[in-house]
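J.: Take a look at the following structure, please.
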Amino acid sequence: MPKIDLEKYSMKSEEHEPSELSKFKENRDDLSEVGYEIDEKERSGSYFQLDHSVLSSTSGQEGIEISTTTDALKKYDWLRDYWWNAVSPDKDRYTKQVDLKQTQGYFIHLLPGVKAEFPVQSCLLISQENIAQNVHNIIIAEEGSEVHIITGCSASHGVNSALHLGVSEIYVKKNAKLTFTMIHLWGPEIVVRPRTGIFIEENGTFTSNYVCMNPVKDLQMSPTAYCDKNARATFQTIIYASKDSKMDLGSNVFLKGDGSRAEIISRVIARDNSEVISRGDIIGKGRDVRGHLECRGLMLSNHAKIHAIPELEAETAEADLSHEAAVGRISEEEIEYLTARGLDEEEAASVIVRGFLNVDIEGLPKHLEEEIKKKIEMSAAVM
Amino acid sequence: MLEIRGLTVDVAGRCVLNDVNMIIEEGEAHVLLGPNGSGKTTLLLSILGFPRYKVKEGKIIFKGEDITDLHTSERVKRGIGISFQNPPVIKGVNLGSMVNICMGEKTDEITERTLELAGKMNLSEEFLKRDVNFGFSGGEIKRSEILQLIAQHPDFVMLDEPDSGVDIENMELIGKMIGELLQRDYLPSRRKRMGLIITHLATILDYIHADRAHVMLNGGIVCSGTPEEILSGIKKNGYEGCMRMSRKLGIL
Chain X
1 MPKIDLEKYS MKSEEHEPSE LSKFKENRDD LSEVGYEIDE KERSGSYFQL DHSVLSSTSG
61 QEGIEISTTT DALKKYDWLR DYWWNAVSPD KDRYTKQVDL KQTQGYFIHL LPGVKAEFPV
121 QSCLLISQEN IAQNVHNIII AEEGSEVHII TGCSASHGVN SALHLGVSEI YVKKNAKLTF
181 TMIHLWGPEI VVRPRTGIFI EENGTFTSNY VCMNPVKDLQ MSPTAYCDKN ARATFQTIIY
241 ASKDSKMDLG SNVFLKGDGS RAEIISRVIA RDNSEVISRG DIIGKGRDVR GHLECRGLML
301 SNHAKIHAIP ELEAETAEAD LSHEAAVGRI SEEEIEYLTA RGLDEEEAAS VIVRGFLNVD
361 IEGLPKHLEE EIKKKIEMSA AVM
Chain U
384 MLEIRGLTVD VAGRCVLNDV NMIIEEGEAH VLLGPNGSGK TTLLLSILGF PRYKVKEGKI
444 IFKGEDITDL HTSERVKRGI GISFQNPPVI KGVNLGSMVN ICMGEKTDEI TERTLELAGK
504 MNLSEEFLKR DVNFGFSGGE IKRSEILQLI AQHPDFVMLD EPDSGVDIEN MELIGKMIGE
564 LLQRDYLPSR RKRMGLIITH LATILDYIHA DRAHVMLNGG IVCSGTPEEI LSGIKKNGYE
624 GCMRMSRKLG IL
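Going line by line, the protein sequences match chains X and U.
The numbers in the working numbering rise by one with no breaks, and the one at position 65 of the first sequence is 65.
Remember, the working numbering sits 383 above the position in the second sequence when you count from 1.
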């Protein structure tokens, strides 16, 4: 990926007032597309950040704390133990920039045993031209808690150039269950560098769903999960890369604890001149660990590129790791099969594309599931 | 009526069908016999109009219309349906959705009608939710194909070895359903649907009672007659005998 000139982006942002939230009520559909419900209905908590200003951080259920990380650090000394613990500030230039020039970020905290009735939502939105948004987020799901966090990251219409850097440190404690669904809707000129580290304690379950169906200039991320004893990590990624998008994505799982499990599933579609590197790495260290990686790519253009890099590293004879990777175009035989059932070629191709992207995302609110389906329909239809 | 007149077809520049002639009248079921590689499947897929099968000469007339240059989906809309021998897996597309597509419905939901049809083929709701053809057994593939055909409700049914890889138990069900599909339970004069069935086993014929049989060798039809005559001839002298006879008669 080309080196990003960080100086090019402005650290100055105009202040936004919470009252500005109301203006988003008019075009709520834009936010629904990334899973954010502006009226906060059927949500157990909400965090909304516009550029560098936090317009909402509200909890909708007892036992769920939501604030900015800046406020949380002031409030809780113990939070220092979690700060720059799952991600190192020295990891790269981007984490360094977030360390030195942080512009807010959310703190989501589930107290022990708390089960969120509805998903907790967050939205990180960029509305100002040429701005750098450097957020640092912390999520802690304490022992035995359960939550689905939906986080949408997007840029307003008309923003031609911007930088989003996001450090997220996620802690899934003993027996806790965290599902983290992230939907990206950037723009053809936005540069994005998320940096995510996840610690999953004994018997904890972490599921990541990542969906990006719209063009982005340059996006690179590689979240890393560390599994303790009997912990489970699942990463599901759905990418529809179009235009000149450049994406380098991967998920890494360290199976440290005995009996831990990992599953990485990715579906990548590349059309136009897009380029996607689809990575995955499972490292088996503990006894009786198991991991599977499934990496599939569908090429819809002769000018696009998909580079699948599935990696497995066993550091013990008791690791059972496997992968399957396949990249290709839509098969003629499948098209013919569908035309023999009465579809024309275009309809047949969109059925195949839809099927290809059809990954079950558990626990998704009906509305969001429909949004994602709609996006898939739309992408499949414009072939 | 389906009429094939002097059909010559190339695949990848090689002539695979040569001057094939055949007439299937309304309500008739025909059987196509012949050794592997003789061109039987090619004939079916040429009638269906897959782009790889280039018609060099001849015509396909279906219900009075020349369909030789029509796209497959247009032929299907006019009432042509097929059960494939080895259909492909389509990941993420379940059998239920395929049945809906066959019925011309856009929904992915499994409808009452689909469930009812699947029940007839002894296929469960769970099975309808499976990716089409993924991990299906031989018998399941055939049942799934016939289910789709029933949903499609075609006027002309082509079946490519509907009995291969099927165990005895499934054979009875499949035989019965194909018989129903081809309206073999109707009085002959009431039958409307036409059929063309490729088979290597005579077992399926117990359920279908076909009207006519054809033997295909080297891309051409070398003899036609009642299924009984043709089958006993093959049993006695093999396809070789057919070929010798055809040579003698100057057909080959």
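Virtual Cβ for every residue (Gly too), placed ideally from N, Cα, C.
Treat the numbers as computed from the prediction; the structure is a model and nothing was measured.
Of all the CB atoms in chain U, is at least one closer than 8 Å to the CB of Leu321 (chain X)?
T.: By one-based count along the first sequence, residue 321 (chain X) stands at place 321. Answer no: the Cβ-Cβ gap between Leu321 (chain X) and chain U never drops below 8 Å.
J.: Kindly indicate if chain X contains any beta-carbon less than 8 Å away from that of Lys512 (chain U).
T.: As a first step, residue 512 (chain U) must be located in the second sequence, where it is residue number 129. With 8 Å as the cut-off, Lys512 (chain U) does not count as an interface residue toward chain X.
J.: In terms of residue numbering, what span does the beta strand (DSSP E) encompassing Arg397 (chain U) cover?
T.: As a first step, residue 397 (chain U) is located in the second sequence; it is residue number 14 there, counting from the start. Segment 397-407, the beta strand (DSSP E) holding Arg397 (chain U).
J.: Anything in chain X within Cβ reach of His536 (chain U), meaning under 8 Å, just list it in chain order.
T.: If you number the second sequence from 1, residue 536 (chain U) lands on position 153. None at all; the shortest Cβ gap to chain X is about 11 Å.
J.: So, are the CB atoms of Ile66 (chain X) and Gly45 (chain X) less than 8 Å apart?
T.: Here residue 66 (chain X) is taken as the residue at index 66 of the first sequence, counted from 1. Here residue 45 (chain X) is taken as the residue at index 45 of the first sequence, counted from 1. Yes, these two residues count as a Cβ contact at 8 Å.
J.: List, from N- to C-terminal side, the alpha helix (DSSP H) runs of 4 residues or more that fit wholly inside the segment 474-521 of chain U.
T.: Segments of the alpha helix (DSSP H) lying fully in the segment 474-521 of chain U: 478-485, 495-503, 508-511.
J.: With 8 Å set as the bound, which would you pick, yes or no: does the beta-carbon of Ala340 (chain X) sit closer than that to a beta-carbon of chain U?
T.: Stepping through the first sequence from its first residue, residue 340 (chain X) is reached at position 340. Cβ-Cβ to chain U under 8 Å: yes for Ala340 (chain X).
J.: So Ser466 (chain U) and Leu416 (chain U) are supposed to be a Cβ contact under 8 Å. How far apart are they, rounded?
T.: The sequence position of residue 466 (chain U) within the second sequence is 83, counting from 1. The sequence position of residue 416 (chain U) within the second sequence is 33, counting from 1. With a Cβ gap of about 17 Å, Ser466 (chain U) and Leu416 (chain U) do not count as contacting.
J.: Check each residue of the segment 362-374 of chain X: if its Cβ is closer than 7 Å to any Cβ of chain U, include it; give the result in chain order.
T.: So nothing in the stretch comes that close.
J.: Using a 10 Å radius around the Cβ and a threshold of 16 neighbouring Cβ atoms, would you call Leu551 (chain U) buried or exposed?
T.: Counted from its first residue, the second sequence places residue 551 (chain U) at position 168. One point to set straight first is that residue 551 (chain U) is Ile, not Leu, in the sequence displayed. That one is exposed.
J.: Evaluate Trp78 (chain X) with the Cβ neighbour count: other Cβ atoms within 10 Å of its Cβ, from every protein chain shown; 16 or more gives buried, anything less gives exposed.
T.: Counting from one through the first sequence, the residue named residue 78 (chain X) turns up at place 78. Looking at its Cβ environment, which holds fewer than 16 other Cβ atoms inside 10 Å, Trp78 (chain X) is exposed.
J.: Rounded to the nearest angstrom, what separates Ser350 (chain X) and Glu377 (chain X) at their Cα positions?
T.: Indexing the first sequence from 1 puts residue 350 (chain X) at position 350. Indexing the first sequence from 1 puts residue 377 (chain X) at position 377. Their Cα atoms are separated by approximately 8 Å.
J.: Under 8 Å between beta-carbons, which chain X residues line up against Thr455 (chain U)? List them in chain order, please.
T.: One-based indexing of the second sequence puts residue 455 (chain U) at position 72. Within 8 Å Cβ-Cβ: Glu336, Thr339, Ala340.
J.: Below 8 Å, can you find three or more Cβ-Cβ pairs linking the segment 101-121 of chain X to the segment 189-198 of chain X?
T.: Short answer: they don't touch.
J.: At a Cβ threshold of 8 Å, is Lys474 (chain U) touching chain X?
T.: As a working note, residue 474 (chain U) is residue 91 in the second sequence. For Lys474 (chain U), the answer is yes, since a Cβ of chain X falls inside 8 Å of its Cβ.
J.: So that I know if they touch, is there some Cβ in chain B lying closer than 8 Å to that of Asn358 (chain X)?
T.: Absence of chain B from the displayed structure is noted, the protein chains being X and U.
J.: To test your reading of the DSSP string, which unbroken beta strand (DSSP E) runs of 3 or more residues are found completely within the segment 44-84 of chain X?
T.: Listed in chain order, they are 45-50, 53-59, 64-68.
J.: Does the beta-carbon of Glu499 (chain U) have 16 or more other beta-carbons within 10 angstroms, so that it is buried, or is it exposed?
T.: The residue given as residue 499 (chain U) occupies position 116 in the second sequence. With fewer than 16 other Cβ atoms within 10 Å, it is exposed.
J.: Does the structure place the segment 274-286 of chain X close enough to the segment 237-256 of chain X that three or more beta carbon pairs sit under 8 Å?
T.: The segment 237-256 of chain X is in contact with the segment 274-286 of chain X.
J.: For the alpha helix (DSSP H) that Asn553 (chain U) lies in, which residues bound it at each end?
T.: To locate residue 553 (chain U), count along the second sequence from 1; it is residue 170. Segment 551-564, the alpha helix (DSSP H) holding Asn553 (chain U).
J.: Name the DSSP beta bridge partners of Phe254 (chain X), please?
T.: Numbered from its first residue, the first sequence carries residue 254 (chain X) at position 254. Its beta-bridge partners are X:Tyr226, X:Ile283.
J.: Do you know how far the Cα of Leu453 (chain U) is from the Cα of Ala404 (chain X)?
T.: The displayed coordinates of chain X run from 1 to 383. Any statement about residue 404 (chain X) would go beyond what the structure contains.
J.: Whose Cβ in chain U lies nearer than 9 Å to the Cβ of Val172 (chain X)?
T.: Sequence index remark: in the first sequence, residue 172 (chain X) carries index 172 (1-based). In chain order: nothing, as chain U lies at least about 29 Å away.
J.: Are the C-beta atoms of Phe433 (chain U) and some chain X residue less than 8 Å apart?
T.: Residue 433 (chain U) sits at position 50 when you count from the first residue of the second sequence. Cβ-Cβ to chain X under 8 Å: yes for Phe433 (chain U).
J.: Does the Cβ of Ile394 (chain X) have 16 or more other Cβ atoms within 10 Å, making it buried, or fewer, making it exposed?
T.: Because chain X here runs from 1 to 383, residue 394 (chain X) falls outside it and cannot be looked at.
J.: Quick one: what's Asp449 (chain U) bridged to in DSSP?
T.: Walking along the second sequence from the start, residue 449 (chain U) turns up at place 66. Its beta-bridge partners are U:Ile444.
J.: If you draw a straight line from the C-alpha of Val482 (chain U) to the C-alpha of Gly432 (chain U), how long is it?
T.: If you number the second sequence from 1, residue 482 (chain U) lands on position 99. If you number the second sequence from 1, residue 432 (chain U) lands on position 49. Approximately 21 Å between the Cα atoms of the pair.
J.: Helix, strand or coil for Arg458 (chain U) per DSSP?
T.: For this step, residue 458 (chain U) is matched to residue 75 along the second sequence. Correct three-state label for Arg458 (chain U): helix.
J.: Rank X:Arg354, X:Ser53, X:Trp84, X:Thr151 by C-alpha distance to the C-alpha of Ala132 (chain X) and give the top, closest one.
T.: In the first sequence, residue 132 (chain X) corresponds to position 132, counting from 1. Ala132 (chain X) has its Cα closest to that of X:Ser53, out of X:Arg354, X:Ser53, X:Trp84, X:Thr151.
J.: Can you round the beta-carbon distance between His292 (chain X) and Ser322 (chain X) to whole angstroms, since I take them to be within the 8 Å contact cut?
T.: Looking up residue 292 (chain X) in the first sequence gives position 292. Looking up residue 322 (chain X) in the first sequence gives position 322. Sure, about 5 Å apart at Cβ, within 8 Å.
J.: On a Cα-Cα basis, can you pick out the residue from X:Leu50, X:Lys373, X:Ile200, X:Leu55 that is closest to Lys177 (chain X)?
T.: The residue given as residue 177 (chain X) occupies position 177 in the first sequence. Minimum Cα distance to Lys177 (chain X) is reached at X:Ile200.
J.: For chain U, find out if any of its Cβ atoms is closer than 8 Å to the Cβ of Leu293 (chain X); answer yes or no.
T.: As a working mapping, residue 293 (chain X) is identified with position 293 in the first sequence. It does not: the Cβ of Leu293 (chain X) has no partner Cβ on chain U nearer than 8 Å.
J.: Here's a check: name, in chain order, each residue in its chain whose Cβ is nearer than 6 Å to the Cβ of Ser421 (chain U), leaving out the five neighbours to either side.
T.: Working through the second sequence from its first residue, we reach residue 421 (chain U) at position 38. Cβ within range, chain order: Met599, Leu600.
J.: Just mark Leu124 (chain X) as buried or exposed, buried being the case when its beta carbon has 16 or more other beta carbons within 10 Å.
T.: Counting from one through the first sequence, the residue named residue 124 (chain X) turns up at place 124. Buried is the call here.
J.: Could you check where the beta strand (DSSP E) with Asp543 (chain U) kicks off and where it finishes?
T.: Counting from 1 along the second sequence, the entry for residue 543 (chain U) is found at position 160. It spans 539-543 - the beta strand (DSSP E) in which Asp543 (chain U) sits, taken as one unbroken run.
J.: Have a look at Arg458 (chain U) and Lys374 (chain X) and give me their C-alpha separation to the nearest angstrom.
T.: Indexing the second sequence from 1 puts residue 458 (chain U) at position 75. Indexing the first sequence from 1 puts residue 374 (chain X) at position 374. Distance between the alpha carbons of Arg458 (chain U) and Lys374 (chain X) is about 31 Å.
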